[in-house]
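Participant: Residue numbers for the sequence shown follow our numbering, so the first one is 1 and each next one is one higher.
For each residue, glycine too, the CB sits at the ideal point set by N, CA and C.
I'd like to ask some things about the structure below.
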Amino acid sequence: MKTLMPVLLLLVLLSIMAIWIGGMRFIVIPPIKAAPDGRTILAANVRGMNFIDSPTSFCIRIGQPSPLCAAMVTARLGTTATVIARLPYSSILHRLSGGEL
């Protein structure tokens with residue numbers, strides 16, 4: 001059991017590194033009036049975003065914190081990103097992304 005734990009930890013770390021190096025990102029879209037459930041998306045081919053990110057935190061980083069900017073970033077993701085998995089909204093990941101307006 002003691003030898004199994006370091007191996008599992010190494011596998012988890014290698015998996016996270018492979019996802020990050022492969023250009024995959026967790027994009028957290030918070031609940032809004034148009035989409036009250038919110039969504040977490042595992043996407044590839046996303047340029048300029050952090051490993052765990054949200055449209056609102058991206059807009060805050062570029063100096064334009066507004067709902068219009070977040071909507072434009074979400075629309076850009078819809079046309080350029082390759083969605084690998086659609087997951088339920090995670091408030092923990094949203095807090096990690098730093099996205100609060």
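Between Thr80 and the rest of its own chain, which residues show a CB-CB distance below 7 Å, the 5 nearest in sequence each way excluded?
Facilitator: Residue numbering aside, residue 80 sits at position 80 when the sequence shown is read from its first letter. Answer for Thr80: Asn45, listed in chain order.
Participant: Taking contact to mean at least 3 C-beta pairs separated by less than 8 Å, is the segment 36-45 in contact with the segment 87-94?
Facilitator: yes
Participant: Going by the DSSP bridge assignment, what does Arg47 pair with across the sheet?
Facilitator: Position 47 of the sequence shown holds residue 47. None, per the DSSP bridge assignment.
Participant: Starting from Thr82, trace the beta strand (DSSP E) in both directions and tell me its first and last residue.
Facilitator: For the purposes of this step, residue 82 is taken as residue 82 along the sequence shown, with counting starting at 1. Unbroken beta strand (DSSP E) run through Thr82: 82-87.
Participant: According to DSSP, is Ile41 helix, strand or coil?
Facilitator: Residue mapping note: residue 41 aligns to position 41 of the sequence shown, counting from 1. Here Ile41 sits in strand by DSSP.
Participant: Taking the alpha-carbon positions, what's the Arg95 to Ser15 distance?
Facilitator: One-based indexing of the sequence shown puts residue 95 at position 95. One-based indexing of the sequence shown puts residue 15 at position 15. Going by the C-alpha atoms only, they are around 23 Å apart.
Participant: Could you name the residues that DSSP lists as bridge partners for Phe58?
Facilitator: The count along the sequence shown starts at 1 and reaches residue 58 at position 58. None; Phe58 has no bridge partner.
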